[in-house]
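Colleague: Chains as they are written, first to last, in our numbering: chain A, 2 to 459; chain B, 282 to 734.
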């Protein structure tokens, strides 16, 4: 194990690995500022982690014997951050085009060399329906993006397989683990439905086709279920149903994740979910500031995409955008505050954002516009955990919860603050070095458009 | 007892008072009722409906009074063929796309709704595109600008479906351009007009089978036998509704031969086509169309945009009308609502080409499309009891100099020319403010390297 760690260390140049061959099972972070999220802030407190669980937290805690102690002076401890809608952990899982949520999501093209996509001839054909695929089967500890994610303070993600119209079942995973299986916290958090997708040609091609397609898919699943039940009752008279993995996958869905960019798409998504008799979670919501009232009225949780729309720098300088587009760009960063004011439960997603640190930066912009820091933090932690059904195990620093923590040298939303270490299942990981030591180092891959963001004046 | 009576009286008074607030009276207007002639008089609107029309009407006190002296009022224009206010028009991947519906993707924020309103249109038939022999389901919308998608739908209307004949549905079936040897084009059947007929016939044969399957199941069930219900098929269901007369068919067509083909197919399967759309060669078989009891919705003088649209004349609508066909004029507008904003002048052209009367011309954009869409009991003319969809013009509506001043739908005003003009500088100022704000934000957030020193 030590040898393997070392060789990996050298190969990847990444320091974001457990430092010890046998990570200690008992750790105490002493005298740190502790932001529990669920309760009051402890200005000077101690967290004890035992066997991957938060064993104790408080202001006056005796450090158990044999514990490895982290001196927390000058450090702040937060619950590990959770990406509410992600592809982290699924190697090559990043969508080619960002999916801002229902509005002109470009189809994901197959990599060169792969066979031509299947052609769908009609509603009975289901080449774009990957409802049997589950993220839990796809995650790998070797996904190179995990380093950068942990470096930004993320310890978990709701990760989804993306290709296809029905992407597959998402999983809530930790962003590190002994092996892929150990990463999975909750394997089936819901089925991803897109309004784009790809991986097939032919029906459906239009948004109305997709809505009708989902309708038929759920009707077929219902019929399949009825057939199975009736067959179990009277196998002699009822025809035996053929096993159908796509329909099995639909029947297994606890929730459906539907995209909605604005109020109109939200109206459609909610109507569709009601028809499918499925519990919806909305993702995207770039016009969240206009959707808050409806989301509240229908108690629909939302995973907000925080890649705020910006003016295209390559666009024709003579072009003047419409008042709607201008308003969208102006108001989008105010969405989190609008959702809080309406009492809507929301998480945030890294969707379309290459550098995980930019998720925090995006929220910082909302904070500058009036979002409270604790609300931003809640969206990144406990709200995400609650939306994905793991609120009892993740999202806050409470006794008995999974020991996922992020330790910083200051306020998380302060640009100068650096993540010092993260704990995942009680195991310590260090952030990757600031600059990649080699051209192909394991540090955050920075997209061309984002390079300059590093130089922002603070 | 006395107290009780007073209580009852005041309650009644309150009701009446509330009532009067909801009453609008348009006075001193030239009213083109379309069905009952033209008169100088007033229209009383109550609870979203036309309560009274006449030279002398009773005006309740407290009513909102609109003085329309010198102005003209017509029923709200009904456009029988548009593609506005939807996010998708065609599901072009298959030749029978009856499972999809444009009603699922209504874009309630589409600016064309407002543009249509500004042209006096109050009801628009929003059709699926013409990429398929049997297209998708349509949706009939009222131009209630500002409401959400569900609230735009004309609730009382029958559902309908689009068919298409000729070049558009067969285009995807024909190999085009240079092809490298061995290259494969994803051709979609049909590639000929014969194929279009075959696709429609085959679809209805399947629909009949599907109908039988369900009937057999219902029979078994009523006998108390255990049976698995057939799989619900969203592609077949609308076609069964057509067979049962529960869904209207609006068929895109141009040439006389294919129109006859469709009439024969409909006869074979015992259903009726509600309207032939475009129908530029309708004048060649006006008698046959009239005999089949099928409506025709066409353009005034727009043609030659493709080969099948060459053999056209501006007298088409008038000839069909005179031969007894129910005729309407439509815009076929998708983005921009260009023709939709001047359907009144399209109707006016019918007085020149074919010598129709003013009422006959106006009927082609009001009561006739209402009849074709089977909503004439609700809209299409200015008659007591109908929904108060009304347009006030400053001049005769058939003149090219006339402008729409006010538009009412269900008695609510959705367009006001004066208010629109007032709003414009405010909107411009708002836009300027947003642009300046964005520039400021950009400057503040710009990386150091891009800042001017």
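Glycine included, every Cβ here is placed at the ideal spot set by N, Cα and C.
Name, in chain order, the residues that DSSP records as bridge partners for residue 673 (chain B).
Modeller: Note: residue 673 (chain B) sits in a beta bridge opposite B:354, B:687.
Colleague: Does the separation of the CB atoms of residue 543 (chain A) and residue 56 (chain A) fall below 8 Å?
Modeller: The question about residue 543 (chain A) has no answer, for chain A in this structure spans 2 to 459.
Colleague: Where do the ends of the alpha helix (DSSP H) carrying residue 264 (chain A) lie?
Modeller: Start and end: 264 to 277.
Colleague: Mapping the DSSP letters down to three states, classify residue 648 (chain B) as helix, strand or coil.
Modeller: Helix, per DSSP.
Colleague: Going by Cα to Cα distance, which pick from A:45, A:172, A:27 is closest to residue 34 (chain A)?
Modeller: Closest by alpha carbon: A:45.
Colleague: Is there at least one Cβ from chain A nearer than 8 Å to residue 708 (chain B)'s Cβ?
Modeller: Output row for residue 708 (chain B): interface = yes.
Colleague: Specify the secondary structure class of residue 632 (chain B) as computed by DSSP and reduced to three states.
Modeller: In this structure, residue 632 (chain B) counts as helix in the three-state DSSP scheme.
Colleague: Which residue from A:196, A:254, A:433 puts its Cα closest to that of residue 419 (chain A)?
Modeller: Of the listed residues, the one whose Cα sits closest to residue 419 (chain A) is A:433.
Colleague: Whole angstroms are fine: how far does the CA of residue 517 (chain B) sit from the CA of residue 641 (chain B)?
Modeller: Straight-line Cα distance between these residues: approximately 39 Å.
Colleague: Return the bridge partner residues of residue 534 (chain B) from the DSSP annotation.
Modeller: B:559, per the DSSP bridge assignment.
Colleague: So residue 380 (chain A) and residue 337 (chain A) are in contact, right, with Cβ under 8 Å, and what is the actual spacing, rounded?
Modeller: With a Cβ gap of about 7 Å, residue 380 (chain A) and residue 337 (chain A) count as contacting.
Colleague: How many Å lie between residue 263 (chain B) and residue 367 (chain B) at the Cα?
Modeller: Because chain B here runs from 282 to 734, residue 263 (chain B) falls outside it and cannot be looked at.
Colleague: Is it right to say residue 264 (chain A) is buried, meaning 16 or more other beta carbons lie within 10 angstroms of its own, or is it exposed?
Modeller: When all chains shown are included, residue 264 (chain A) counts as buried.
Colleague: Quick check on the burial criterion: 16 or more other C-beta atoms within 10 angstroms. Buried or exposed for residue 226 (chain B)?
Modeller: The requested residue 226 (chain B) is not part of the displayed model; chain B covers only 282 to 734.
Colleague: Count the other C-beta atoms from every protein chain shown that fall within 10 angstroms of the C-beta of residue 564 (chain B), then say buried if there are 16 or more, exposed otherwise.
Modeller: It is buried - the Cβ of residue 564 (chain B) has at least 16 other Cβ atoms within 10 Å.
Colleague: Just the Cα atoms here: how many angstroms apart are residue 567 (chain B) and residue 560 (chain B)?
Modeller: Rounded to the nearest angstrom, the two C-alpha atoms are 10 Å apart.
Colleague: In whole angstroms, what separates the C-alpha of residue 544 (chain B) from that of residue 554 (chain B)?
Modeller: Rounded to whole angstroms, residue 544 (chain B) to residue 554 (chain B) spans 8 Å at the Cα level.
Colleague: Comparing C-alpha positions only, which one of A:129, A:91, A:167, A:168 sits nearest to residue 138 (chain A)?
Modeller: The shortest Cα separation from residue 138 (chain A) among A:129, A:91, A:167, A:168 belongs to A:91.
Colleague: Can you have a look at residue 314 (chain B) and say buried or exposed, based on whether 16 or more other CB atoms are within 10 angstroms of its CB?
Modeller: By the 10 Å Cβ count, residue 314 (chain B) comes out buried.
Colleague: Are there three or more Cβ pairs, one per stretch, closer than 8 Å when the segment 132 to 149 of chain A is compared with the segment 248 to 266 of chain A?
Modeller: Touching, yes.
Colleague: Would you mind telling me which residues of chain B sit closer than 7 Å to residue 379 (chain A), beta carbon to beta carbon, in chain order?
Modeller: Here the premise fails: no neighbours, minimum Cβ distance about 25 Å.
Colleague: Using a Cβ-Cβ cut-off of less than 9 Å, give me the residues of the segment 352 to 376 of chain B that come near chain A, in sequence order.
Modeller: So the list reads 367, 368, 369, 370, 371, 372, 373, 374, 375, given in the order they occur along the chain.
Colleague: Answer with yes or no whether the minimum CB distance from residue 380 (chain B) to chain A is below 8 Å.
Modeller: Cβ-Cβ to chain A under 8 Å: yes for residue 380 (chain B).
Colleague: Output the distance between the C-alpha atoms of residue 364 (chain A) and residue 369 (chain B), rounded to the nearest integer angstrom.
Modeller: Roughly 34 Å separates the two Cα atoms.
Colleague: Whole angstroms is fine: what's the gap from residue 348 (chain B)'s alpha carbon to residue 307 (chain B)'s?
Modeller: Each residue's alpha carbon lies about 6 Å from the other.
Colleague: Determine the DSSP secondary structure at residue 316 (chain A), reduced to helix, strand or coil.
Modeller: Note: residue 316 (chain A) maps to coil in three-state DSSP.
Colleague: For the candidate residues B:693, B:684, B:718, whose alpha-carbon lies nearest to that of residue 428 (chain B)?
Modeller: That would be B:693, whose Cα lies nearest to the Cα of residue 428 (chain B).
Colleague: Taking the CB atoms as reference points, tell me whether residue 375 (chain B) and residue 204 (chain A) lie closer together than 8 Å.
Modeller: Cβ atoms of residue 375 (chain B) and residue 204 (chain A): closer than 8 Å.
Colleague: Look at residue 161 (chain A) and residue 176 (chain A) and say whether their C-beta atoms are less than 8 Å apart.
Modeller: Not a contact, by the Cβ cut-off of 8 Å.
Colleague: Return the first residue and the last residue of the alpha helix (DSSP H) that residue 360 (chain A) is part of.
Modeller: Residue 360 (chain A) -> alpha helix (DSSP H) spans 358 to 369.
Colleague: Just the chain A side, please: which residues come within less than 9 Å of residue 507 (chain B) by C-beta, in chain order?
Modeller: Correct list: 231, 234, 235, 238, 239.
Colleague: Whose CA, out of A:392, A:413, A:417, lies closest to the CA of residue 173 (chain A)?
Modeller: Comparing Cα-Cα distances from residue 173 (chain A) to each of A:392, A:413, A:417, the minimum goes to A:392.
Colleague: Does the pairing of the segment 438 to 452 of chain B with the segment 385 to 403 of chain B give three or more beta-carbon distances under 8 Å?
Modeller: Because the criterion of three Cβ pairs below 8 Å is not met, the segment 438 to 452 of chain B and the segment 385 to 403 of chain B do not touch.
Colleague: With H, G and I counted as helix, E and B as strand and the rest as coil, what does DSSP make of residue 348 (chain A)?
Modeller: Looking at residue 348 (chain A) - three-state DSSP - the assignment turns out to be strand.
Colleague: Taking the C-alpha atoms as reference points, what is the distance between residue 615 (chain B) and residue 418 (chain B)?
Modeller: If you take the alpha carbons of residue 615 (chain B) and residue 418 (chain B), they lie about 16 Å apart.
Colleague: For residue 51 (chain A) and residue 82 (chain A), which I take to be in contact (beta-carbon distance under 8 Å), what is that distance rounded to the nearest angstrom?
Modeller: Not confirmed; about 22 Å, so no contact.
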